[in-house]
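Undergrad: Residues 36 to 446 in the numbering used here are what the sequence shown lists, from first letter to last. The beta-carbon is built from N, C-alpha and C at its ideal position, and this holds for glycine as well. Given the structure is predicted, the values throughout are model-derived calculations rather than measurements.
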Amino acid sequence: MSSVDLFDEAYALDPFPVWDALRENAPVHYEPDTGLWLVSRYDDVRAVLLDTDTFLPANAMDAIGRFSVQTLRVLAKAKFALPPTLASNGGESHAGYRRIMTRLLNAQAVTAAVPMVEQVTGECVDQVEERLDADGVCDLATTLARDVPLRVLLRLLGLDEAIDVGIDTLARWSDASLELFWGRPDAGRQRELAGEAADFYSWLRGLVTEPGPGEDTLLGALAAHRLPGGEPLSVAETVAVLYFMIIAGQATTRQMLSIMYRRALTEPGLWQRFADEPGSAQPWTEEVLRREPPITTWRRVTGRPVTLRGVDIPAGAPLLLMLASTGSDPEVFENPEQLCPYRPNQRKHLAFGVGRHRCSGAELARMEAGVMMRMTASRLPGLRLADTSSPPEMLGLLSFRAPLHVRVERG
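(1) Based on the DSSP output, what are the partners of Ala271 in its beta bridges?
(2) Taking Val74 as part of the beta strand (DSSP E), name the residues at either end of that continuous run.
(3) Where does the unbroken alpha helix (DSSP H) through Met407 begin, and where does it stop?
(4) Looking at Ile198: is its Cβ nearer than 7 Å to the Cβ of Leu189?
(5) To the nearest angstrom, report how far apart Leu85 and Leu167 are at their CA atoms.
(6) Entirely within the segment 232-298 and at least 4 residues each: give me those alpha helix (DSSP H) ranges in chain order.
(7) Between Gln285 and chain B, is any beta-carbon pair separated by less than 7 Å?
(8) Alpha carbons only, please: which of His392, Leu343, Leu41 is nearest the one belonging to Val74?
(9) Measure the CB-CB distance between Ala95 and Ser209 and report whether it falls below 7 Å.
(10) In whole angstroms, give me the CA-to-CA distance for Leu213 and Ser434.
(11) Does the beta-carbon distance from Leu358 to Thr332 come in below 7 Å?
(12) Which residue wins for smallest C-alpha separation from Ser237, given the options Arg382, Val104, Val270?
(13) At which residues does the alpha helix (DSSP H) containing Leu324 begin and terminate?
(14) Check the DSSP bridge columns for Met136 and list the partner residues they point to.
(15) Measuring CB to CB, does Val243 end up less than 7 Å from Thr273?
(16) Please return the same chain residues whose Cβ sits closer than 7 Å to the Cβ of Val346, not counting the five positions on each side in sequence.
(17) Kindly list the residues whose CB is nearer than 7 Å to the CB of Val341, restricted to its own chain and excluding five residues on each side of it in sequence; keep chain order.
(18) Does the separation of the CB atoms of Phe387 and Arg393 fall below 7 Å?
(19) Would you be able to state if there are at least three C-beta pairs under 8 Å between the segment 103-117 and the segment 46-62?
(20) First and last residue of the beta strand (DSSP E) that includes Tyr65?
(21) Which residues mark the beginning and the end of the beta strand (DSSP E) in which Thr337 is found?
(22) Excluding sequence positions up to five away, which residues of its chain have a Cβ less than 7 Å from the Cβ of Leu439?
(23) May I ask you to report which of helix, strand or coil DSSP gives Ala176?
(24) Sort out for me which residues DSSP pairs Asp347 with in a bridge.
(25) Given that a residue counts as buried once 16 or more other Cβ atoms are within 10 Å of its Cβ, and exposed if not, what is Val447?
(26) Compute the beta-carbon to beta-carbon distance between Leu268 and Leu262, rounded to the nearest angstrom, for a pair I have assumed lies under 8 Å.
(27) DSSP three-state label for Met151, please.
(28) Exposed or buried, Gly284, counting other C-beta atoms within 10 Å across all chains shown (16 or more means buried)?
(29) Using 10 angstroms around the beta-carbon of Glu312, count the other beta-carbons present and answer buried if the total reaches 16, otherwise exposed.
(30) Which residues share a DSSP beta bridge with Arg445?
(31) Tell me which residues share the same chain as Leu117 and place their Cβ nearer than 7 Å to its Cβ, disregarding the 5 neighbours each side in the sequence.
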């Protein structure tokens, strides 16, 4: 297997041939450019995610590249630190953090939130209609797909009244953080992104030190939480949870929705079907999650020497689990290139991970996607892509992939 450029524009645009080749020819492949071991078959990735004693999450939040001295200075000035709390936490404190998120985002809370999500979606569709009337074109990726998940998340976490910056600022901070940690920016761009991340972190520190959050909010739950030794969370630990949740809880949903909107408007007759048969949107979104999830990879590090698919891997080796590749594994999903909304093992995909680090917001993301596809198609049944003459510009970070724009117009 030849070298794989994980940051190449052509790969971001169409990674499926690379994923197919990896599964077929090198299911465990060492990539010297990044030092990562790429694991691409479904059974192997699932086994790694479930074995948290051998495959540790400690590197899940590490930057993929080295930070310059200037970048480190910018972050240090903001006292930037991300101690292990959720995604990168393999210790005994993880369960407690996890319980907080489960309490706020469990199935009952998600079901109760449906009317609120419908209300927010309706308000945002109103804004899309206004923009279409005024300009003739609207970008769903930077309006509807961005604004609904962020507004919904802030309400569910009880942060909406605490937020004193706008949606645009939060989205910009979130995007900058993703690019800083999962991209390969040059020195100038890295310094610029670090400034945005530092501003975000400083703002969160100020939010944490404000008094009086209710215990039914994320801030209140974190203030009341005690670590296994009985001590309260430090400011850095509390900020780390907020930093992770505000980014992970909406940015990946925005990316998911951008993929889904573009796919739905590309497939002949599908958009009208969503409008005519609202129940058809939910199973279709599940298939897009299987075939083209926004989180394409995730990382683990070996805690001891292991042999995986006949390949010897040393201790301390960073693994890149090709989550998106597993959804197209023909040994698990028949005719994986086809979107079959009612396939029997539809929810077997690993788009949300599996095991103790499975995404806490999985059911919320599913619900939001179903509601938004259904409502947007119903309100704007004649919607179509505004420009299909050139390939879409893609977000192509190590672990995240989605169209940056979904420009639409009325048919």
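TA: On the basis of the coordinates in this document:
(1) Answer by DSSP bridge pairing: none, since Ala271 is not bridged.
(2) 71-74
(3) 397-414
(4) yes
(5) 47 Å
(6) 253-259, 270-283
(7) Of the protein chains in the structure, only one exists, and it is not chain B.
(8) Leu343
(9) no
(10) 9 Å
(11) yes
(12) Val270
(13) 316-326
(14) BP columns for Met136 are empty, so no partner.
(15) yes
(16) Val63
(17) Thr89, Ile348
(18) yes
(19) no
(20) 63-66
(21) 333-337
(22) Ala176, Glu428, Met429, Leu430
(23) helix
(24) Thr342
(25) One cannot answer for residue 447 here, as it falls past the ends of the chain, which runs 36 to 446.
(26) 7 Å
(27) helix
(28) buried
(29) exposed
(30) Leu418
(31) Met96, Ala275, Tyr278
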